[in-house]
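Trainee: Quick note on the numbering used here: the sequence shown kicks off at 1 and runs consecutively.
Where a beta carbon is used, it is the ideal one built from N, C-alpha and C, also for glycine.
All figures in this text were calculated on a predicted structure; none of them were measured in a lab.
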Amino acid sequence: MIAALCLTVALLDNSAVVPVPRTDQGWVDRHAAQMKLAKSGEKFELALVGDSITHGWGGLPVPGDNWKGQDPEGYDALFGPYKPINLGIGGDKTEHVLYRLDAGVLDGMNPKACMLMIGTNNMGSNTEAEIADGVEAVVLKLHEKAPQAKILLCSILPREWAADGVWRKKVAATNVILAGKKWGDYVSYVPCWDGFLNEDKHMIEALMPDQLHPNKAGYDVWAEMIRPTLKKMMAK
């Protein structure tokens with residue numbers, strides 16, 4: 001009993017596992033658009049969940065400025081057969097995704113699968129272990145909200161050109177923790193890391209010009225990494 005209480009207190013000290021909203025207008029508007037679409041009665045078989053890296057694929061919902069993402073054609077080719085909804089929002093941390101799920105963005109949707117990549121925006125505020133716990137909290141919340149859904153969990157993509165960069169090493173250490181977790185049988189963990197690095201483990205500039213976000217070519221690489229698992233999950 002005391003041990004369980006201590007564990008609860010320790011987790012609550014970790015901001016990555018405590019749901020919290022954002023107040024910037026762009027986030028508020030996109031969250032509202034996602035909620036509206038989710039409650040529209042339209043059936044979505046696949047929910048993409050994450051931050052700007054997921055947001056960057058494009059797809060529904062499209063904001064008022066008609067921004068369509070880095071790779072709308074790739075999005076349609078990879079995800080189109082599965083009736084997808086893009087629940088990524090640029091800048092989100094694990095705690096923001098937890099808030100959105102608690103707010104009901106998946107309620108009643110009953111997707112067949114969810115794809116998740118989250119955690120890179122926590123790098124400046126949390127330890128590797130805290131971030132991994134935050135990712136796990138999101139996975140568990142997805143399972144709570146959509147218990148029938150399979151979850152495709154992507155590793156966090158690399159940051160910085162150099163293999164010995166501070167951010168690069170922190171992302172790598174977080175991914176090691178994620179890869180070592182004992183996930184439920186509804187989770188498929190897919191490492192989406194090496195495809196963005198050359199033989200010297202430097203980032204391939206042609207895939208991530210800003211050292212963080214994939215461009216169209218980068219999304220094509222990511223697509224090939226997840227395609228077999230996604231196809232198996234969706235049985236199509």
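Relative to the C-alpha of Asn126, which candidate in Ala173, Gly104, Arg100, Tyr219 has its C-alpha closest?
Mentor: Asn126 has its Cα closest to that of Ala173, out of Ala173, Gly104, Arg100, Tyr219.
Trainee: Along the beta strand (DSSP E) that carries Met115, what are the first and last residues, could you check?
Mentor: Note, Met115: beta strand (DSSP E), 113-117.
Trainee: What's the C-alpha gap between Ser15 and Glu95?
Mentor: 7 angstroms
Trainee: Go ahead and label Pro84 buried or exposed: buried means 16 or more other beta carbons lie within 10 angstroms of its beta carbon, across all protein chains shown.
Mentor: buried
Trainee: When the distance is taken between beta carbons, is Gly88 closer than 7 angstroms to Val48?
Mentor: Just to set this straight, residue 48 is Leu in the shown sequence, not Val. A contact, by the Cβ cut-off of 7 angstroms.
Trainee: Which one of Leu106, Glu136, Met208, Glu224 has the shortest CA to CA distance from Met35?
Mentor: Leu106
Trainee: For Leu153 and Val187, which I take to be in contact (beta-carbon distance under 8 angstroms), what is that distance rounded to the nearest angstrom?
Mentor: 6 angstroms
Trainee: Identify the residues that DSSP records as bridge partners of Lys150: which are they?
Mentor: Ala113
Trainee: Under the DSSP definition of a beta bridge, which residues are partnered with Leu48?
Mentor: Paired residue(s): Asn86, Met115.
Trainee: Anyone know if the C-beta pair for Ile151 and Leu140 falls short of 7 angstroms?
Mentor: no
Trainee: Gln70: which of Gly165, Pro21, Met208 sits nearest, CA to CA?
Mentor: Met208
Trainee: Do the region 177-195 and the region 132-139 touch if we need at least three Cβ pairs shorter than 8 angstroms?
Mentor: yes
Trainee: Less than 7 angstroms between C-beta atoms, sequence neighbours within five positions excluded: which residues of the same chain meet that for Ile177?
Mentor: Taken in chain order, the residues that qualify are Glu128, Ala129, Ala132.
Trainee: Taking only beta-carbon atoms, is Ala149 less than 7 angstroms away from chain B?
Mentor: Here there is only one protein chain, and chain B is not present.
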